[in-house]
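What follows is a short report on a single structure.
Residue numbers (the working numbering): 9 to 286.
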């Protein structure tokens, strides 16, 4: 069985019991983004519950859509260019020619899927399809959230390369769910994002540094808990990873807001219907 199939099998098992970042975290990211909208988008704040309710739609599509799986991750540290230069070819056509389509599919297409979903949102705004726009925005928030989840941007996605198997579920679901009420975001107003594709790849590159922080936190928590995954383990894991985890969730929500605002601007600032929430 090749590595892609191994990964698919492992994460399909994980998916049975959770969504990436966990359903509660994706709901938090998506529903909170409206609080970062500028005044121009005040009418879109009614989207909050819909964005939250549909925050994990992209995960659920994995069951039926075989193309969906690769959109949720990028094993970016499997690219020599990233390990040498801390970046890869960002243009899809250039990446296709340099790395080959099989390499790209195997390592995941998360940044490109995020960019294409952003472009779809621009078209929804241009066409005035507000019912579809909110669903596209929910998908966009999901992919942005995955780009801020450390284990979605590394080959060591379940700790299988560092003897920390099942860290994926321990971290993004169990620990987050135990502490979801402690996760509060600070006030912020988003602005236009210049260079959407560059922005997407930039946060993926930057967030990769959190992989080592998370692995260290997991190892320390396991030792402190007497080599058991008990309540003490989760308390310690939150103690060591809580600050950067809240930062990742908050920044993903802010980025989602910025991308929605930028898509609206790129679409020509279409008039938002007064009865949007009815």
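Ideal Cβ positions, reconstructed from N, Cα and C, are used throughout, including at glycine.
Host alpha helix (DSSP H) of residue 129 (start-end): Under the DSSP assignment, residue 129 falls in the alpha helix (DSSP H) whose first and last residues are 118-135.
Quick check on the burial criterion: 16 or more other C-beta atoms within 10 angstroms. Buried or exposed for residue 63? Buried, because 16 or more other Cβ atoms sit within 10 Å of the Cβ of residue 63.
Could you check the C-alpha separation between residue 259 and residue 149 for me, to the nearest Å? For residue 259 and residue 149, the gap between their C-alpha atoms comes out near 11 Å.
Simplified DSSP state of residue 207, which is helix, strand or coil: Helix at residue 207.
Close Cβ partners of residue 76 (< 6 Å) along its chain, the five nearest in sequence each way excluded: For residue 76, where only same-chain residues beyond five positions count, the Cβ hits under 6 Å are 69 and 70.
With 16 as the cutoff for other CB atoms within 10 Å, does residue 79 come out buried or exposed? Flag for residue 79 reads buried.
Distance CB(residue 208)-CB(residue 281) smaller than 8 Å: With contacts defined as CB atoms closer than 8 Å, residue 208 and residue 281 fail to qualify as a contacting pair.
In the DSSP assignment, the alpha helix (DSSP H) including residue 230 goes from what residue to what residue? Per DSSP, residue 230 belongs to the alpha helix (DSSP H) from 217-232.
Skipping 5 residues on each side, what residues in its chain have a beta carbon closer than 6 Å to that of residue 97? Excluding residues up to 5 positions away in sequence, 103 and 106 lie with their Cβ nearer than 6 Å to the Cβ of residue 97 in the same chain.
Going straight from the alpha carbon of residue 268 to that of residue 126, what length do you get? Between the alpha carbons of residue 268 and residue 126 lies a distance of about 8 Å.
Hey, would you say residue 156 sits closer than 8 Å to residue 40, going by beta carbons? Not closer than 8 Å, so no.
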